[in-house]
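For the sequence shown, the working numbering gives the first residue as 77, with consecutive numbering after it. The beta carbon of each residue, even a glycine, is placed where N, CA and C say it ideally should be. Bear in mind the structure is a predicted one, so any value in this text is a computation, not a measurement. In what follows, a single structure is set out as structure tokens and then discussed.
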Amino acid sequence: MENAKKYLSESWCEELQTIIQDNKSKEPKYGTPEGCTTGILEDSKELQAIIKKDWKKLEQLNKKQHD
77 MENAKKYLSE SWCEELQTII QDNKSKEPKY GTPEGCTTGI LEDSKELQAI
127 IKKDWKKLEQ LNKKQHD
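Right under this line is the structure:
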């Protein structure tokens, strides 16, 4: 933030500082699945088994998200 001050107006800096302060106390609502080190699920036999087993649940969740 300190480095950005010379490029931004004082009001922008104040607004950004407020946003940063407001978000510091918030807990993230996401995480990395167990066994996933990169944040990307690799196409593996394990993943394929999960998809096959829970395909209907995945379809229902997807439908709920888009309704």
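- Taking the Cα positions, K100 is about 37 Å away from W131.
- DSSP, read as helix, strand or coil, puts N79 in coil.
- The DSSP-derived three-state label of L92 is helix.
- Taking I127 as the centre and dropping the five residues before and after it, the same chain places the C-beta of L134 closer than 8 Å to its C-beta, in chain order.
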